[in-house]
């Protein structure tokens, strides 16, 4: 499956969004522009602004407002990445050094603050109170999700229910905000707006499930990040939670110990336990279930190439290898 197909549907708009991002990164302080440009040019998928464009155009919206909203969402996402990398002490993202590894923690946090602030300036420029309400609530929920995840680090008693609450906050919420705010900007019907909100939530959950799955299936070169990072930080993700719940007593004890102490000394043993317990199959199936539910939501949209692209994008989210 070629991801180019769903980008192609909004190629001109996507280029315009890139232009807005570059323009809005301008600052009188050179280091702000330098770090901002470094992280936004890192070659990410930019799925969230893509969702804004595809949802908006599927609902019949054209023009600069939709592009500005897409850029706003990307600024919010980039700000969270800068802050996350500092919190997680990550040294690698998308196959290259993180901003905090290059410039230090303090500049990364402050430039993250700049991007948050700039995104709110862009929201004001849009002038849509419904959009501002959705995005301001989303930023709060994302922060709560990150704090909840932090509070569960090295906690081997974390349940699947709590894990789902974490990923709904820290990842799915911005997917949901992307699709929901696009619907709000388009003044969609209440039914369509709710369908788009739910679509974003389900797609975001599936995306994070696959991310957590790849932490035990991939390699650093393919993924562009450090494989085993979550384990090193003692984060109890679903493959680990399932192994502790459904694996043999020996597998459960191995995983529990690894979460409690952090580190990746036992990474290969953990990978084998996770594979043998069936947790990777369980996580993959759950991701497929969420994507199927997400695609069902798209029935609220009129038939178009943009709706088709959203279906393809959803299928790609679970088929990807990085």
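Residue numbers (the working numbering): 118 to 439. Glycine residues also receive a C-beta, built at the ideal position from the N, C-alpha and C atoms. Being a predicted model, the structure only gives us computed values, none of them experimental.
Between the alpha carbons of residue i and residue j, how many angstroms are there, rounded?
{"i": "residue 372", "j": "residue 419", "result": "47 Å"}
{"i": "residue 118", "j": "residue 345", "result": "Bear in mind that a pLDDT of 41 at residue 118, under 50, signals an unreliable position, so the number given afterwards is only what the model happens to contain. About 27 Å."}
{"i": "residue 417", "j": "residue 423", "result": "13 Å"}
{"i": "residue 348", "j": "residue 283", "result": "16 Å"}
{"i": "residue 378", "j": "residue 145", "result": "44 Å"}
{"i": "residue 141", "j": "residue 398", "result": "43 Å"}
{"i": "residue 327", "j": "residue 366", "result": "26 Å"}
{"i": "residue 202", "j": "residue 303", "result": "34 Å"}
{"i": "residue 325", "j": "residue 293", "result": "13 Å"}
{"i": "residue 195", "j": "residue 165", "result": "11 Å"}
{"i": "residue 253", "j": "residue 323", "result": "23 Å"}
{"i": "residue 211", "j": "residue 393", "result": "29 Å"}
{"i": "residue 381", "j": "residue 388", "result": "11 Å"}
{"i": "residue 182", "j": "residue 306", "result": "19 Å"}
{"i": "residue 173", "j": "residue 147", "result": "34 Å"}
{"i": "residue 334", "j": "residue 200", "result": "26 Å"}
{"i": "residue 370", "j": "residue 332", "result": "20 Å"}
{"i": "residue 233", "j": "residue 261", "result": "16 Å"}
{"i": "residue 189", "j": "residue 438", "result": "27 Å"}
{"i": "residue 269", "j": "residue 353", "result": "7 Å"}
{"i": "residue 204", "j": "residue 357", "result": "21 Å"}
{"i": "residue 267", "j": "residue 279", "result": "12 Å"}
{"i": "residue 175", "j": "residue 251", "result": "20 Å"}
{"i": "residue 310", "j": "residue 405", "result": "23 Å"}
{"i": "residue 246", "j": "residue 235", "result": "17 Å"}
{"i": "residue 430", "j": "residue 436", "result": "10 Å"}
{"i": "residue 222", "j": "residue 163", "result": "24 Å"}
{"i": "residue 149", "j": "residue 207", "result": "20 Å"}
Can you give the beta carbon distance from residue i to residue j, rounded, assuming they're within the 8 Å contact cut?
{"i": "residue 249", "j": "residue 192", "result": "At roughly 14 Å, the Cβ-Cβ gap does not stay under 8 Å, so residue 249 and residue 192 are not in contact."}
{"i": "residue 184", "j": "residue 218", "result": "Not a contact, Cβ separation roughly 32 Å."}
{"i": "residue 426", "j": "residue 122", "result": "7 Å"}
{"i": "residue 228", "j": "residue 153", "result": "6 Å"}
{"i": "residue 384", "j": "residue 296", "result": "Actually they do not touch by this definition, with Cβ atoms about 36 Å apart."}
{"i": "residue 277", "j": "residue 330", "result": "Not quite, the Cβ-Cβ distance comes to about 14 Å (not below 8 Å), so this is no contact."}
{"i": "residue 198", "j": "residue 156", "result": "7 Å"}
{"i": "residue 255", "j": "residue 213", "result": "At roughly 28 Å, the Cβ-Cβ gap does not stay under 8 Å, so residue 255 and residue 213 are not in contact."}
{"i": "residue 368", "j": "residue 390", "result": "4 Å"}
{"i": "residue 231", "j": "residue 170", "result": "Contact flag wrong, Cβ pair sits at about 24 Å."}
{"i": "residue 288", "j": "residue 321", "result": "5 Å"}
{"i": "residue 376", "j": "residue 271", "result": "6 Å"}
When we look at the beta-carbon of residue i and count the other beta-carbons within 10 Å, is it buried (16 or more) or exposed?
{"i": "residue 337", "result": "Low confidence applies here, because residue 337 scores a pLDDT of 48, under 50, leaving its location unreliable; read the following figure in that light. Label assigned to residue 337: exposed."}
{"i": "residue 298", "result": "buried"}
{"i": "residue 274", "result": "exposed"}
{"i": "residue 361", "result": "buried"}
{"i": "residue 136", "result": "exposed"}
{"i": "residue 350", "result": "buried"}
{"i": "residue 125", "result": "exposed"}
{"i": "residue 290", "result": "buried"}
{"i": "residue 300", "result": "buried"}
{"i": "residue 177", "result": "exposed"}
{"i": "residue 286", "result": "buried"}
{"i": "residue 434", "result": "buried"}
{"i": "residue 180", "result": "exposed"}
{"i": "residue 386", "result": "exposed"}
{"i": "residue 241", "result": "exposed"}
{"i": "residue 143", "result": "exposed"}
The ligand COA and residue i: does any heavy atom of the ligand fall closer than 8 Å to the residue's C-beta?
{"i": "residue 298", "result": "The model on display carries no ligand, and the ligand COA is accordingly not part of it."}
- [ ] Spell out a yes or no on whether the stretch 314 to 327 and the stretch 398 to 416 are touching, meaning 3 or more CB-CB pairs, one atom from each, closer than 8 Å.
- [x] yes
- [ ] List in chain order: all unbroken alpha helix (DSSP H) runs of 4+ residues lying wholly within the stretch 233 to 280.
- [x] 246 to 268
Open item on the list: To test your reading of the DSSP string, which unbroken beta strand (DSSP E) runs of 3 or more residues are found completely within the stretch 340 to 364?
Closed with: none
Open item on the list: If we require 4 or more residues per run, which alpha helix (DSSP H) segments fall completely within the stretch 367 to 439?
Closed with: 384 to 393, 396 to 414, 422 to 436
TODO: Entirely within the stretch 156 to 222 and at least 4 residues each: give me those alpha helix (DSSP H) ranges in chain order.
DONE: 164 to 175, 181 to 205, 216 to 220
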